[in-house]
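Peer 1: Going left to right, the sequence shown walks through residues 89 to 227 as this note's numbering numbers them.
Here's a structure for you.
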Amino acid sequence: ALPIYQRIVELYPTSLNYFNLANAFDNLKQKEMAIENYLNCLILDPREIKAYLNLGIIYHRSGEHKKAKEYLTKGVKIDPEWPNFHYFLGYVYKDLEEFAAAEAAFRKYLELVPADADNQRIKSNLAWLQQQMKQRSKE
Numbered sequence: 089a090l091p092i093y094q095r096i097v098e099l100y101p102t103s104l105n106y107f108n109l110a111n112a113f114d115n116l117k118q119k120e121m122a123i124e125n126y127l128n129c130l131i132l133d134p135r136e137i138k139a140y141l142n143l144g145i146i147y148h149r150s151g152e153h154k155k156a157k158e159y160l161t162k163g164v165k166i167d168p169e170w171p172n173f174h175y176f177l178g179y180v181y182k183d184l185e186e187f188a189a190a191e192a193a194f195r196k197y198l199e200l201v202p203a204d205a206d207n208q209r210i211k212s213n214l215a216w217l218q219q220q221m222k223q224r225s226k227e
């Protein structure tokens, strides 16, 4: 399928086609090519929130949490009501040990998606974060 996506981008270099090509590279675990094509997508459509989300996820997966934060926060500025940004930002902030920001992101996620199957895990994360913040305040 990858050669087909590449050919489509050659013929029709639209943001959607770059996005689809980036997804194909991401599915094949070709991080750099996925990133390059998500960035090409954003050049053509700087408001493509799914590209920001996917860049954030790629960077988070590879342990580049500051880069993940950069793209997720850009995306949340475009669409602050899309819960996926808050979900992943919660984990990114947690990994960066920005516990208050992680708590705020997780709470916003719960506010936006009060009946999601993942909510118990989010609530567990919130309890852990509150514990960490209490410990820090004692130090």
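In this text, a Cβ means the ideal position worked out from N, Cα and C, and glycines have one as well.
Identify, in the order they occur along the chain, each residue of the same chain with its Cβ nearer than 7 Å to the Cβ of residue 159, setting aside the five sequence neighbours on each side.
Peer 2: Taking the first residue of the sequence shown as 1, we reach residue 159 at position 71. 140, 143, 144, 147, listed in sequence order.
Peer 1: For residue 129, which residues from the same chain have a beta carbon less than 7 Å from its beta carbon, with the 5 sequence-adjacent residues on both sides left out?
Peer 2: To locate residue 129, count along the sequence shown from 1; it is residue 41. Cβ neighbours of residue 129 beyond the five flanking positions: 103, 106, 107, 110, 136, 139.
Peer 1: For residue 197 and residue 93, what's the separation of their Cα atoms in angstroms?
Peer 2: On the sequence shown, position 109 is the one that residue 197 refers to. On the sequence shown, position 5 is the one that residue 93 refers to. Each residue's alpha carbon lies about 34 Å from the other.
Peer 1: Would you give the residue range spanned by the alpha helix (DSSP H) that residue 229 belongs to?
Peer 2: Residue 229 lies beyond the residue range present for the chain, which begins at 89 and ends at 227; the question has no answer from this structure.
Peer 1: Measure the alpha-carbon distance for residue 179 versus residue 154 and round it to whole angstroms.
Peer 2: On the sequence shown, residue 179 is found 91 positions in, with the first residue counted as 1. On the sequence shown, residue 154 is found 66 positions in, with the first residue counted as 1. If you take the alpha carbons of residue 179 and residue 154, they lie about 12 Å apart.
Peer 1: Going by Cα to Cα distance, which pick from 213, 207, 125 is closest to residue 101?
Peer 2: Position 13 of the sequence shown, counted from the start, is the residue given in the question as residue 101. The residue with the shortest Cα to Cα distance from residue 101 is 125.
Peer 1: Which residues in the same chain as residue 200 place their Cβ atom closer than 6 Å to its Cβ, once the five residues preceding and following it in sequence are excluded?
Peer 2: Locating residue 200 in the sequence shown gives position 112, counting from the first residue. 171.
Peer 1: Return helix, strand or coil for residue 116, following the three-state DSSP convention.
Peer 2: Within the sequence shown, the letter at position 28 stands for residue 116. The answer is coil: DSSP assigns residue 116 none of H, G, I, E or B.
Peer 1: Going along the chain, which unbroken runs of the alpha helix (DSSP H) with 4 or more residues stay wholly within the stretch 136-180?
Peer 2: Counting whole runs of 4 or more residues, the stretch 136-180 contains the alpha helix (DSSP H) stretches 137-149, 153-166.
Peer 1: Less than 8 Å between the C-beta atoms of residue 177 and residue 193, yes or no?
Peer 2: For the purposes of this step, residue 177 is identified with residue 89 of the sequence shown, where counting begins at 1. For the purposes of this step, residue 193 is identified with residue 105 of the sequence shown, where counting begins at 1. Result yes, Cβ atoms of residue 177 and residue 193 sit closer than 8 Å.
Peer 1: Which two residues bound the contiguous alpha helix (DSSP H) that contains residue 199?
Peer 2: By one-based count along the sequence shown, residue 199 stands at place 111. Residue 199 -> alpha helix (DSSP H) spans 187-200.
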